[in-house]
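Participant: Just so you know, we're using UniProt numbering here: the sequence shown kicks off at 1 and counts up by one.
Supplied in structure tokens, the structure appears directly below.
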Amino acid sequence: MVEPPKFSYYLGPIGNVVPRAAVTPALVYQVITGKRLRAKTEAIRLAEVGSNNRHELKKKLDYITPAGVFTKRDNKCLTERSGLMVLDFDHVPDLATAQQTLLTDAALSPSVVMMFVSPSGEGLKCLLAIDPRRDHLTNFKVLSTYLTHHYAQLGLVPDKSGKDPARACYLCHDPSAYLNPAYAA
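In structure tokens form, the structure reads like this:
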């Protein structure tokens, strides 16, 4: 059996740059689908869009750095690549269609490790297995070009922040999150 990829998990707030633990997609899936983040997620979604309050609430969430294991959230402190990348899609008009598209696209679907609705409730976070022969930025450019070319009309244009391996990916409650069965162990 292949060892599942590991990456860093951080307790909020975002100012905390020292990871709590190295985790697997299966463990993060349990956190996302469990009840622990539900109240924080609901508070964010009830706060006025664009408000300072909403922004501050979001900054208190736990987060991960899917690109790998870090000693500190800084690109120079990456100790082990996970082989994963997170793509963040903001302001997706139809979340269900976007999710279904990513899961049925012949080129992408085998690489989708996990997917969940973002803290705002208006976007998607998608963890993908990437080509280990390429560096993080090259993988980001290839995926971003493909998605923008084929699915821009669905709002599947990745946020440019995904090109940064140390970029934080906020976690939130999503009882309907997707986990690829190959990563369930």
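Ideal Cβ positions, reconstructed from N, Cα and C, are used throughout, including at glycine.
Predicted, not measured: the structure shown is a model, and the values here were computed from it.
1) Given Leu-127, which residues of its chain have a CB within under 6 Å of its CB, disregarding the five upstream and five downstream residues?
2) Leaving out the 5 sequence neighbours to the left and right, which residues in its chain are closer than 7 Å to Val-18 when beta-carbon positions are compared?
3) Out of His-91, Ala-107, Pro-5, which has the shortest C-alpha to C-alpha gap to Pro-158?
4) Please classify Gly-15: does DSSP put it in a helix, a strand, or coil?
5) Check the C-beta distance from Asp-164 over to Ser-118 and give it rounded, since I have them as a contact under 8 Å.
6) In chain order, what are the residue ranges of uninterrupted beta strand (DSSP E) at least 3 long that sit wholly in the segment 2–72?
7) Ends of the beta strand (DSSP E) at Lys-125?
8) How far does the alpha helix (DSSP H) with residue 253 in it reach, from first residue to last?
9) Going by CA-CA distance only, name the one from Ser-144, Phe-116, Thr-138 that's closest to Gly-34.
10) Check each candidate in Leu-156, Tyr-29, Lys-160 and name the one with the smallest Cα separation from Phe-140.
Facilitator: Once the coordinates are examined:
1) Position 127 of the sequence shown, counting from 1, holds the residue named residue 127. Setting aside the 5 residues that flank it on each side, Leu-127 is surrounded in the same chain by Pro-66, Leu-84, Val-86, Val-113, Met-114, each with a C-beta closer than 6 Å to its C-beta; the list follows chain order.
2) Along the sequence shown, one-based indexing puts residue 18 at 18. So the qualifying residues of the chain are Lys-72.
3) Within the sequence shown, residue 158 is the residue found at index 158, counting from 1. Looking at the Cα atoms, His-91 is the closest of the given residues.
4) Here residue 15 refers to the residue found at position 15 of the sequence shown. Coil.
5) Looking up residue 164 in the sequence shown gives position 164. Looking up residue 118 in the sequence shown gives position 118. That belief does not hold up - the Cβ atoms of Asp-164 and Ser-118 are roughly 17 Å apart, past 8 Å.
6) Counting only runs of 3 or more, we get 7–10, 21–23, 63–65, 68–70.
7) To locate residue 125, count along the sequence shown from 1; it is residue 125. Segment 124–129, the beta strand (DSSP E) holding Lys-125.
8) Here the chain covers residues 1 to 185 and nothing more, so residue 253 does not appear.
9) Mapped onto the sequence shown, residue 34 falls at position 34. Minimum Cα distance to Gly-34 is reached at Phe-116.
10) Numbered from 1 along the sequence shown, position 140 holds the residue referred to as residue 140. Per the Cα distances, Lys-160.
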